[in-house]
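To keep things clear, I will list the structure first and then write my remarks on it.
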Amino acid sequence: AQRVTQPEKLLSVFKGAPVELKCNYSYSGSPELFWYVQYSRQRLQLLLRHISRESIKGFTADLNKGETSFHLKKPFAQEEDSAMYYCALRAETSGSRLTFGEGTQLTVNP
Amino acid sequence: DGGITQSPKYLFRKEGQNVTLSCEQNLNHDAMYWYRQDPGQGLRLIYYSQIVNDFQKGDIAEGYSVSREKKESFPLTVTSAQKNPTAFYLCASRRGAYTDTQYFGPGTRLTVL
Chain H
1 AQRVTQPEKL LSVFKGAPVE LKCNYSYSGS PELFWYVQYS RQRLQLLLRH
51 ISRESIKGFT ADLNKGETSF HLKKPFAQEE DSAMYYCALR AETSGSRLTF
101 GEGTQLTVNP
Chain Y
1 DGGITQSPKY LFRKEGQNVT LSCEQNLNHD AMYWYRQDPG QGLRLIYYSQ
51 IVNDFQKGDI AEGYSVSREK KESFPLTVTS AQKNPTAFYL CASRRGAYTD
101 TQYFGPGTRL TVL
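As you go down the protein sequences, you meet chains H and Y in turn. Mapping to the numbering used here: the first sequence position 23 is 23, numbers consecutive. Mapping to the numbering used here: the second sequence position 84 is 84, numbers consecutive.
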């Protein structure tokens, strides 16, 4: 069975500093990876997915199959980036089911 | 976002009582999902439904039941058999293909006293 691990439950950085939220996965096939974000008092929403290879709100994430990682990065964090971030995986054998990590609460301090 | 609604926002029940959480969507999405969100454990899939009149168990289905009689509705019943029902419950829906994005509702916080 597939598994997603986010090793940091809490992450705190200062505004303007680089930020990296770690995501590691275990799955023997070809996964599809996502980052979801939940801002305070808002719904959980998709931030980005690896197949799109896009940058959303300055965030990027690269799928590293060798290291089985999908870390989320932003060179200059902003206060509005403070939120709960979840990494998720869709296995090719599981249809539309997503497996989520435990989540990382990011706080960007002024 | 307004296309998926969950009600009520907060729900209190006594231990031993069954309770049904509502999830409705007007997005004409085929698939719907129920997740449970607990601090430090992320989201765990309870049940999901790919089409009307069909549903499958997720990773933590014990103590829960669902129905999918209409495309727009996917109610979740938390039964008295669920050992630790106090949690935040999220409903989601997806349009069609497996690769389509899941859209989430605002959630219901259930507290069992």
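Built from N, CA and C at the ideal position, the CB exists for glycine as well.
Quiz item: Does residue 86/H have its Cβ less than 8 Å from a Cβ in chain Y?
Solution: Stepping through the first sequence from its first residue, residue 86/H is reached at position 86. So yes, residue 86/H belongs to the interface.
Self-check item: Proximal residues of chain H, C-beta to C-beta of residue 68/Y below 7 Å
Solution: As a working mapping, residue 68/Y is identified with position 68 in the second sequence. In chain order: nothing, as chain H lies at least about 14 Å away.
Exercise. Could you check if residue 3/H is buried or exposed, using at least 16 other CB atoms within 10 Å of its CB as the buried criterion?
Key: Position 3 of the first sequence holds residue 3/H. Label assigned to residue 3/H: exposed.
Quiz item: Between the beta-carbon of residue 29/Y and the beta-carbon of residue 93/Y, is there less than 8 Å?
Solution: For the purposes of this step, residue 29/Y is taken as residue 29 along the second sequence, with counting starting at 1. For the purposes of this step, residue 93/Y is taken as residue 93 along the second sequence, with counting starting at 1. Between residue 29/Y and residue 93/Y, the C-beta spacing is below 8 Å.
Quiz item: For the beta strand (DSSP E) that contains residue 25/H, what are its first and last residues?
Solution: Residue 25/H sits at position 25 when you count from the first residue of the first sequence. Looking at the DSSP string, the run of the beta strand (DSSP E) that includes residue 25/H is 24-26.
Practice problem: Examine chain Y for any beta-carbon lying closer than 8 Å to the beta-carbon of residue 45/H, and answer yes or no. | Solution: Position 45 of the first sequence holds residue 45/H. Closer than 8 Å: yes.
Quiz item: So which of 69/Y, 77/Y and 104/Y has the shortest CA-CA distance to residue 114/Y?
Solution: This structure cannot settle anything about residue 114/Y, because the visible part of chain Y is limited to 1 through 113.
Quiz item: By the 10 Å Cβ neighbour count, where 16 or more other Cβ atoms means buried, how is residue 100/H classified, buried or exposed?
Solution: One-based indexing of the first sequence puts residue 100/H at position 100. Buried, because 16 or more other Cβ atoms sit within 10 Å of the Cβ of residue 100/H.
Exercise. Assign residue 74/H to buried or exposed, taking buried as 16 or more other Cβ atoms, counted over all protein chains shown, within 10 Å of its Cβ.
Key: Here residue 74/H corresponds to residue number 74 of the first sequence, with the count starting at 1. By the neighbour-count rule (16 or more Cβ atoms within 10 Å), residue 74/H is buried.
Quiz prompt | residue 4/Y (DSSP reduced to helix, strand or coil) | solution = Locating residue 4/Y in the second sequence gives position 4, where the first residue counts as 1. Note: residue 4/Y maps to strand in three-state DSSP.
Exercise. Specify the secondary structure class of residue 52/H as computed by DSSP and reduced to three states.
Key: Here residue 52/H corresponds to residue number 52 of the first sequence, with the count starting at 1. The answer is helix: DSSP assigns residue 52/H an H, G or I state.
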